[in-house]
Every structure is written in structure tokens, then in C-alpha cells.
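Chemist: Line by line, the protein sequences give chains A and B.
With numbering that gives the first Met the number 0 as the guide, the letters of the first sequence map in order to residues 0 to 112.
With numbering that gives the first Met the number 0 as the guide, the letters of the second sequence map in order to residues 0 to 93.
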Amino acid sequence: MTELDLSRARAHDLGGQAAGPIDRAEHETEPWHKLVTALLTSLRDRPVRLVTIDEMRRAIEDMPPEDYRRLQYFEKWAVGVSTLMVEKGFMTREEIERRVKELAARAKPKANS
Amino acid sequence: MSGRFKPGDRVRIIAANPPGHRRVPTYARGRAGTIERLCGEFANPEELAYGFDGLPKRMLYRVRIKQTDIWPDYKGSAKDLLELEIYEHWLEPA
């Protein structure tokens, strides 16, 4: 039998790697998880069909491996959707980054309150 | 429904590592097994992943592989099987 060589497996291709015990803890669904799901399914399904689920998988798999390992499930979806929207010309990376900064600033507690 | 292979045929998953979005886990590449069934023809997801139409459609097969033929240190029964769904362009006669 050929030896098992996983050295060229990419970050998402986990089969056969030591993974430790499965974390069976339940996760709380946060409102933004639903928002990302709604956004993706609206873009993917009829009548819009601007992205395919295969493109989403590819966009997620292509993120830097350290990001892939660090980010949680719906964070990966958010990255995937934004990558595809930039790729297809619907928005620019700058627009996304500017908006993220605006939202981050709004989320900070005011210094004098 | 017909394709290059039929149930019972011995096949090997191609031992290739092309870049990009691929629908074959690395651990299964180069492994031999048996066609269990034809699953139908589908647009090629490896092309859909880059915005192409994925046509012509590709036959998808359920391939049955002995666990002991995949994992060198497999501790379970020698009868244990793994079934994977693999597109025709990833298979060659074994």
C-alpha cells in the first residue's frame, strides 16, 4: 500500500490528521450568524444567483491557512462572502474596511459616559 | 445511467495534487476501491468554484474502499469500509 502522505493537504483538508477529542459543547446562535446566513443564501439562491456554494467553498479554502485555523465557522462565511463580492466587483476591499472601522468605532464605549 | 465505470469495477483515485478547489480528500488520493453505485451526473464543482458553468456534467460515483487500504495503522476490523463520492475525472481503472 502507498504510504499515507498528508504533507500537501491544505488547511481545510483535515481527514487523517490528529485532531484530539471532539468539542460537543452547544453554541449560542448570535444575530450576526443569521445575518451572514441570510446574506449568503440570498446571493446564492434564485432569483439572484450571484454566487455558487462551490465558489464560497473555494473562497473560504483560499484564505491564509492561519486565518482558516483561527476563524470560527460563521467568521469564515463572512470572509467568503466579502471575498466573492470584491472579486465580482460589487464592492471594493476599501469600502468593506472603511465600514468595518466605522462599526468598530460605534461599538466602543464613549470615553465620557 | 451509464458512465466509464459500472458497479463492481475496481478503480483507483488519481494520485495528483493539482492546486485549487478539489473534491477529493488528500488521504484518499492514490487509493484503490470498488464502484458501489453511480450517483448521477452533476455540473463539475471544481469548475463551478471559479465561476464557470461546470459543463459538460460529470458522472459521480460512490467508491468503496477498505479502511485498511487507507490508514497504515488502522486498528478496526479488516472488513471496515469507507464510502466516498468521487467524480469520474478523478478515477482510473485499477
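All C-beta atoms in this analysis are idealised placements derived from N, C-alpha and C, irrespective of residue type, glycine included.
(1) For Pro-18/B, decide whether its Cβ has a neighbour in chain A, counting only Cβ atoms nearer than 7 Å.
(2) What's the call for Leu-42/A, buried or exposed, on a 16-neighbour Cβ count within 10 Å?
(3) To the nearest whole angstrom, what separates the beta carbons of Glu-91/B and Val-10/B, a pair I think is in contact under 8 Å?
(4) In terms of alpha-carbon separation, which member of Met-62/A, Arg-48/A, Leu-5/A and His-26/A lies closest to Asn-16/B?
(5) Within the present structure, is the beta-carbon of Glu-94/A separated from the nearest heavy atom of the ligand SAM by less than 6 Å?
(6) Strictly under 7 Å for the Cβ-Cβ distance: is Ala-8/A near chain B by that measure?
(7) Can you grab the Cα-Cα spacing for the pair Leu-59/B / Glu-40/B, in whole Å?
(8) Count the other C-beta atoms from every protein chain shown that fall within 10 angstroms of the C-beta of Val-47/A, then say buried if there are 16 or more, exposed otherwise.
(9) Please list, in chain order, the residues of the stretch 44-56 of chain B that have any C-beta partner in chain A closer than 9 Å.
(10) Could you have a look at Ile-64/B and say whether DSSP puts it in helix, strand or coil?
(11) Along chain B, in chain order, which residues have C-beta atoms closer than 7 Å to that of Thr-51/A?
(12) Listed from N- to C-terminal order along the chain, which residues in the stretch 21-38 of chain B have their beta-carbon within a distance smaller than 7 Å of any beta-carbon of chain A?
(13) Identify every residue that forms a DSSP beta bridge with Gly-32/B.
(14) Can you list the residues of chain B that Leu-42/A reaches, using a CB-CB cut of under 9 Å?
Modeler: Result, derived from the coordinates:
(1) no
(2) buried
(3) 7 Å
(4) Leu-5/A
(5) Although the ligand SAM was asked about, the structure shown includes no ligands whatsoever.
(6) yes
(7) 6 Å
(8) exposed
(9) Pro-44, Glu-45, Glu-46, Leu-47, Ala-48, Tyr-49, Gly-50 and Gly-53
(10) strand
(11) Leu-47
(12) Pro-24, Thr-25, Tyr-26 and Gly-29
(13) Val-10/B
(14) Correct list: empty, because the minimum Cβ distance to chain B is about 13 Å.
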